[in-house]
Amino acid sequence: MSRFFLAVLIGWWGLGCIADEEALTLDELMTTFGWDFDATDIRTEKVGDGLFVLFGVGGNIAVSVGSDGVMIVDDQFPEMMNKIYDAVATLPGAKQDSHKYPQIDYAINSHWHFDHAEGNLALGPTGTQIVAQSNARVDMARGGVINLVLARYGQSPYPADALPSITFDDGMRFHYNGERIDLMHFGPAHTTGDVAVFFRDHNAVHLGDVFNNTGYPFIDADSGGDIDGMIAFCQQTLDQLEPGAIVIPGHGEITDAEALASYIAMLTTVRDRVKKLMEAGKSLEDVIASDPTAGYTDRYGEESASLGFIDRIYTSLAKKS
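The sequence shown maps to residues 1 to 321 in UniProt numbering.
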């Protein structure tokens, strides 16, 4: 979740719109967060030959383009799909179909949340093969309320043609566009169905929302997300990378393994501070008042921006006590 997300949510909290309120619709969420599909363009950044990242509304999209076709990781929203198609069509090696747009052959969902997977609604009916970890498919089929702590969003179940048709448990491998692409699941983290997508020839990985490069992360603890799992997931991803690796976050700019290592250190330190206070019998209010994110303001945001993060750490740890 971005710092902008959190700033808006803090404002809503001050107005009394907390987690007990009715779940927001997408239109309400768009208004609250200042999202605008019409006004937002797709920005493209090259990672290497045949690999690009698209930035728009929602999660970052990785794009593999080559002789085999087009594979993407995450797909934002159906309202952005024509702009996504336009951006893909400009990439070197993209093949146009008879209807102007390049066919997107595979869409990998990094997890089930709407801002990363709602584009399935547009892609599925076109014949795109949608791929996800097994738990993510279950969540997409079931739908449910995503508790952002300071607001709630009701994600509707996806219709059959928007659900992943290819799923896996621990991992799977593609040999696509001349590259080995590994999909790996290291257990519950941001959600129970996260995927790290490794583009081996590029020494790059897309981590979805397990790694947020705009501020403190969101842990979907009500749906099985887990702070210990997030730390372990990030560390196991880092262990897979070669020196000089490129890290594509779910939100924020492309970065490197050093930034991921620093993120792991932050997660671990804040988790340990919260855990120590909980073991001393402190309430959530006491934990928040202690400012467990002290020292990370310059990198991840003011103390107010960490409230949802602390709440979700506390919630995930409390489930184990």
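Just so it is clear, CB atoms sit at the ideal spot from N, CA and C, and this is done for glycine as well.
Just so it is clear, the structure is predicted and the values come from calculations on it, not from any experiment.
If one requires a minimum length of 4 residues, the alpha helix (DSSP H) runs lying completely within the stretch 271–305 are 284–289 and 297–300, in chain order. Of the candidates S316, D311, L317 and S321, the residue whose Cα lies closest to the Cα of A151 is D311. In the DSSP annotation of this structure, the continuous segment of the alpha helix (DSSP H) that includes M230 starts and ends at I227 to Q240. In the DSSP assignment, the residues bridged to F55 are R43. Shortest Cα-Cα distance from T191 to any of E285, Y101 and F233 involves F233.
Cβ neighbours of L317 within its own chain (closer than 7 Å, five residues either side excluded): I227, V274, K275 and M278. Between G225 and N60, the gap from beta carbon to beta carbon reaches 8 Å or more. The three-state secondary structure of E253, taken from DSSP, is coil.
Here DSSP, grouped into helix, strand and coil, assigns E79 to helix.
Counting the other Cβ atoms within 10 Å of the Cβ of E258 gives fewer than 16, which makes it exposed. Here the C-alpha atom of Q235 lies approximately 7 Å from the C-alpha atom of I264. Burial state of P159 is exposed, judged by a 10 Å Cβ sphere holding fewer than 16 other Cβ atoms. If you check the CB distance, I42 and I104 do not come in under 8 Å. Annotation for T315: the continuous alpha helix (DSSP H) segment containing it runs L307 to A318. E179 carries a strand assignment under DSSP once its states are collapsed to helix, strand and coil.
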